[in-house]
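A.B. asks: Quick note on our numbering: the sequence shown kicks off at 4 and runs consecutively.
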Amino acid sequence: MFSTAADPEASRLETWEAWTTDMQMHHALFAVETSPPGTDLELMVHHRIRRTKATGPSSSTSAGNWTTAFFLAVICREQQRYRELCEIPVELLRAAGESEGTQYNPFTYHWISALQASVLNRPGLGEELLAAVELSTPECVDFGDTETLDKLVFPPMNTFLRLVERDSDKFNEALAQGLALHRDYYTADAGRTNDVEGVVPLGLLAMACLAYDTAEQDPDFHFAVESGYLPEHILQRSWYGEFST
């Protein structure tokens with residue numbers, strides 16, 4: 004995301020290269036930690052095949068790292084990679100990710116289950132997504148402040164819901180609202196303004212990329228949101244296929 008701060012539209016190949024490298028590194032983490040221990044692995048990272056062995060899960064095999072890896076793979080249109088991520092059992096993420104004391108609100112695991120159900124065409128998508136939305140309300144969480152929940156956590160879920168419904172108007176409205184809330188959150192004070200996490204809303208960009216691609220395939224679905232938070236050439240996959248990933 005540092006690269007996008009310097010190149011907001013991702014108009015340079017080097018910016019795409021930085022995004023794909025970040026995606027490869029996050030995917031590699033899960034390949035190493037979720038493959039059977041001792042398995043020989045060949046992983047592409049920054050134009051080179053890296054050879055290593057699987058280690059088994061650690062506390063890095065967490066829900067937080069999984070969502071980042073998933074969103075990056077979706078943004079980079081790496082379908083095989085995000086399908087592999089969706090094969091990782093949610094209970095493994097819970098057990099490993101919380102093994103050293105880190106805790107996640109229950110809605111996090113329902114959110115991951117909903118994303119996995121959508122990608123793998125599993126039953127239960129609606130139930131998992133509804134549970135994630137309901138349990139992410141301020142009165143239902145174990146920890147987390149209302150502003151963060153309302154402005155950063157809920158918008159990607161709401162946007163995904165509208166995409167699943169194939170409702171163009173509601174999707175575009177939800178995405179635009181989510182981007183506005185993201186801006187409000189990260190411009191509230193000087194500390195947040197300088198936070199690199201505010202440069203690009205990963206979850207919303209991932210939903211936007213899914214919707215952009217859907218609109219190209221479904222004549223009844225229309226993508227109609229422009230924003231400085233959605234790098235043009237990443238959204239439109241201008242650099243996709245420029246080099247092997």
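Idealized CB from N, CA, C, for every residue including glycine.
Just checking my contact of Glu131 with His113 at CB under 8 Å: how many whole Å lie between their CB atoms?
C.D. replies: 5 Å
A.B. asks: Using the three-state DSSP reduction, which class does Val93 fall into: helix, strand or coil?
C.D. replies: Helix.
A.B. asks: Going by the CB atoms, is the gap between Arg169 and Phe110 shorter than 8 Å?
C.D. replies: no
A.B. asks: On the DSSP letters alone, give me the boundaries of the beta strand (DSSP E) that Leu44 sits inside.
C.D. replies: 43-48
A.B. asks: Quick check: what's the CA-CA separation for Phe73 versus Thr196?
C.D. replies: 25 Å
A.B. asks: Would Arg80 and Tyr243 qualify as a contact pair, given that the criterion is a beta-carbon distance under 8 Å?
C.D. replies: yes
A.B. asks: What is the rounded straight-line gap between the Cα of Tyr215 and the Cα of Tyr188?
C.D. replies: 25 Å
A.B. asks: With H, G and I counted as helix, E and B as strand and the rest as coil, what does DSSP make of Arg1?
C.D. replies: The displayed coordinates of the chain run from 4 to 248. Any statement about residue 1 would go beyond what the structure contains.
A.B. asks: What number of angstroms, rounded off, separates the C-alpha of Leu44 from the C-alpha of Ser65?
C.D. replies: Distance between the alpha carbons of Leu44 and Ser65: 21 Å.
A.B. asks: I need the straight-line Cα distance from Leu95 to Leu88, nearest angstrom please.
C.D. replies: 12 Å
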